[in-house]
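Peer 1: So that you can map any letter, position 77 of the sequence shown is 902 in this note's numbering, and since no number is skipped, the others follow by simple counting. Would you mind keeping the following structure in view while I ask a few things?
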Amino acid sequence: MAIARLRFALLPTPVEELPRLRQALGGPRLLIKRDDQTGLAFGGNKTRKLEFLVAEARDQGAQTLITGGALQSNHCRQTAAAAARFGFKCILVLTGEVSEQPSANLLLDQLFGAQVVHAPDRKDRDKILQQTFDRAAEKGMKPYLVPYGGSSPTGALGYAFAMKELMEQGIEADWIVFATSSGGTHAGLMAGQRLFGYKGKVLGISVDESEEWLKTHVSELASSASEKLGNRLEFTPGEVLANADYCEAGYGVLTESEREAIHLFAKHEGLLLDPVYTGRAAAGMIDLIRQKFFKNGETVLFLHTGGQPALFADKYANKL
Ligand SMILES: *Cc1c(COP(=O)(O)O)cnc(C)c1O
């Protein structure tokens, strides 16, 4: 079955060895796949999803992309950039405290010409997103709703093909470790794992969601993503590997462990993590290495999902 896809990510993303970080931590061989280098407006994991989502929007005759997220959402920044690139209007519904000067991702959203609607209270965001969509439809703007994090079955396809790409790069890691939140990356990787026969394990470190929610949601999303590819496979919650031990501080809260992870990657490898997602996932991975969760002969691949513009958000000034 032909699946619509626009090609704008710079693929394949490189895989690099992390020898100095490995030496500092001891333990397994460490690799990193650079999905922070997907090329669209500072890159990140949403770019792969948007190749499928924007194609779907175009095929439905949409003219406006509407999505939502936190004020410093990487997903919203990449969606706004994709909208600009392919001639769509873009409306973003953003939650979080509004500062006087837009910084980091929010500043970039404005550069891309996105219209921003604020939803000060997170509990109202679904309602405001729906109202925004309905109003745009009434005005004839032909809106397409990109789900939070781009995590629909269509968006997840980006990561089913990322798994294929990784296998074609000849990488045989025992573990793929990454930040998981809205579940699309996780679900796509699992669908790809099954479809293309990847033998390693796929372990998502939760940024904000409970293990139970992730297991249910990711397995459903992986099943529907495989269906999009013309061959529905059933995934059960029990086979989703998710670790929610590192998200107690809450979404976007920088604690000492994220700080340490950011410093370790920077000082030993010259690599930048972000304060919200990859900092937290790397902190989890580092803790698991210290606990000897991985065996010594194993290879662990950290999937870098991007997010670095948030390093420059006002929110983290003087905290890093
Ligand atoms: C959105 C995002 C994630 C989480 O990906 P999901 O597919 O939503 O689970 C991880 N890292 C970064 C930098 C992100 O922006």
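Note that the Cβ used here is the ideal one computed from N, Cα and C, for glycine as well.
Unbroken beta strand (DSSP E) runs of length 3 or more, entirely within the region 850 to 883: which are they?
Peer 2: The region 850 to 883 contains these whole beta strand (DSSP E) runs: 854 to 859.
Peer 1: With DSSP run on the structure shown, which of helix, strand or coil describes TYR1141?
Peer 2: In the structure shown, TYR1141 sits in a helix (DSSP, three-state: H, G or I).
Peer 1: Can you tell me the Cβ-Cβ gap for VAL918 and LEU954, rounded? I've got them flagged as a contact below 8 Å.
Peer 2: With 8 Å as the limit, VAL918 and LEU954 qualify as a contact, their Cβ atoms being about 5 Å apart.
Peer 1: Under the criterion of a Cβ to heavy atom distance below 6 Å, does ASN930 qualify as lining ligand 1?
Peer 2: Flag unset: Cβ of ASN930 not near ligand 1.
Peer 1: Please name the residue, chosen from ALA1108, GLN1133, GLY1077 and ALA1106, that lies closest to GLY921 on a Cα-to-Cα basis.
Peer 2: That would be GLY1077, whose Cα lies nearest to the Cα of GLY921.
Peer 1: Closer than 6 Å: is that where the CB of TYR1102 sits relative to any heavy atom of ligand 1?
Peer 2: The answer is yes for TYR1102.
Peer 1: Quick one: is the Cβ of GLY1077 within less than 6 Å of any heavy atom of ligand 1?
Peer 2: No, the Cβ of GLY1077 stays beyond 6 Å of every heavy atom of ligand 1.
Peer 1: Take LYS914 and list the residues in its own chain whose beta-carbon comes closer than 6 Å to its own, dropping the five residues that flank it on each side.
Peer 2: Hits under 6 Å: THR889.
Peer 1: If you draw a straight line from the C-alpha of LEU1136 to the C-alpha of LEU1097, how long is it?
Peer 2: In a straight line, the C-alpha of LEU1136 is about 9 Å away from that of LEU1097.
Peer 1: At the level of alpha carbons, what is the spacing between LYS967 and ARG883?
Peer 2: Cα to Cα, the separation comes out at about 10 Å.
Peer 1: Which full runs of the alpha helix (DSSP H) of 4+ residues lie inside the region 932 to 977, going along the chain?
Peer 2: Here the runs fully enclosed are 950 to 963.
Peer 1: If you measure from the CB of ALA1135, is any heavy atom of ligand 1 nearer than 6 Å?
Peer 2: ALA1135 Cβ: outside cutoff for every heavy atom of ligand 1.
Peer 1: Please list the terminal residues of the continuous beta strand (DSSP E) segment that includes ILE916.
Peer 2: Taken as a continuous stretch (DSSP letters only), the beta strand (DSSP E) holding ILE916 covers 914 to 920.
Peer 1: I want to check one thing, is the minimum distance from the CB of GLY1008 to the heavy atoms of ligand 1 below 6 Å?
Peer 2: The answer is yes for GLY1008.
Peer 1: Check whether the Cβ atoms of ALA1108 and ALA1142 sit closer than 7 Å, and answer yes or no.
Peer 2: Taking 7 Å as the Cβ cut-off, ALA1108 and ALA1142 do not qualify as a contacting pair.
Peer 1: Based on Cα-Cα distance, which residue from ASP1139, LYS1144 and LEU1145 lies nearest to LEU932?
Peer 2: Among ASP1139, LYS1144 and LEU1145, the Cα nearest to that of LEU932 belongs to ASP1139.
Peer 1: For ARG902 and ASN930, which I take to be in contact (beta-carbon distance under 8 Å), what is that distance rounded to the nearest angstrom?
Peer 2: About 4 Å; that satisfies the 8 Å criterion.
Peer 1: For PHE1119, which residues from the same chain have a beta carbon less than 7 Å from its beta carbon, with the 5 sequence-adjacent residues on both sides left out?
Peer 2: Excluding residues within five positions, the ones whose Cβ falls inside 7 Å are GLY852, PRO853, TRP1000, LEU1113 and VAL1125.
Peer 1: Have a look at ASP860, LYS1053, TYR973 and THR1010 and flag the residue whose alpha-carbon is nearest the alpha-carbon of PRO839.
Peer 2: Taking only the C-alpha atoms, the option nearest PRO839 is ASP860.
Peer 1: Please tell me whether, using a cut-off of 6 Å, the distance from the CB of CYS1004 to the nearest non-hydrogen atom of ligand 1 is below it.
Peer 2: Sequence check: residue 1004 is Ala here, not Cys. Yes, Cβ of ALA1004 sits closer than 6 Å to a heavy atom of ligand 1.
Peer 1: Taking the straight line between their C-alpha atoms, what separation do you get for SER1007 and PRO978?
Peer 2: If I take the Cα positions, the gap works out to 12 Å.
Peer 1: Using a Cβ-Cβ cut-off of 8 Å (strictly less than) and excluding sequence neighbours within five positions of ASP1147, which residues of its own chain qualify?
Peer 2: Absent from the model: residue 1147. The displayed extent of the chain is 826 to 1145, so no value can be given.
Peer 1: Per DSSP, what kind of secondary structure is GLY983 in: helix, strand or coil?
Peer 2: In this structure, GLY983 counts as helix in the three-state DSSP scheme.
Peer 1: On the CB-based measure, 16 or more other CB atoms within 10 Å of its CB, does LYS952 come out buried or exposed?
Peer 2: Exposed is the call here.
Peer 1: Where does the unbroken alpha helix (DSSP H) through VAL1043 begin, and where does it stop?
Peer 2: Unbroken alpha helix (DSSP H) run through VAL1043: 1036 to 1053.
Peer 1: Taking 6 Å as the limit between beta carbons, can you name the residues of its chain near ALA944, skipping five residues before and five after?
Peer 2: Excluding residues within five positions, the ones whose Cβ falls inside 6 Å are VAL918, THR920, ARG950 and ILE953.
Peer 1: If we call anything under 7 Å between Cβ atoms a contact, is MET1015 one with ALA987?
Peer 2: In this structure, ALA987 does not lie closer than 7 Å to MET1015 by Cβ.
Peer 1: Look at the alpha carbon of GLU1045 and the alpha carbon of GLY1029, and state the distance between them as a whole number of angstroms.
Peer 2: Distance between the alpha carbons of GLU1045 and GLY1029 is about 16 Å.
Peer 1: Could you have a look at PHE1060 and say whether DSSP puts it in helix, strand or coil?
Peer 2: Of the three classes helix, strand and coil, the one that applies to PHE1060 here is coil, per DSSP.
Peer 1: Can you tell me which of THR1103, PHE1003 and GLU1037 puts its alpha carbon nearest to the alpha carbon of LYS1026?
Peer 2: Answer by Cα proximity: PHE1003.
Peer 1: Given that a residue counts as buried once 16 or more other Cβ atoms are within 10 Å of its Cβ, and exposed if not, what is SER1051?
Peer 2: Burial call: buried.
Peer 1: Is ASN1068 a contact residue of ligand 1, with contact defined as CB to any heavy atom under 6 Å?
Peer 2: Result no, Cβ not under 6 Å from ligand 1.
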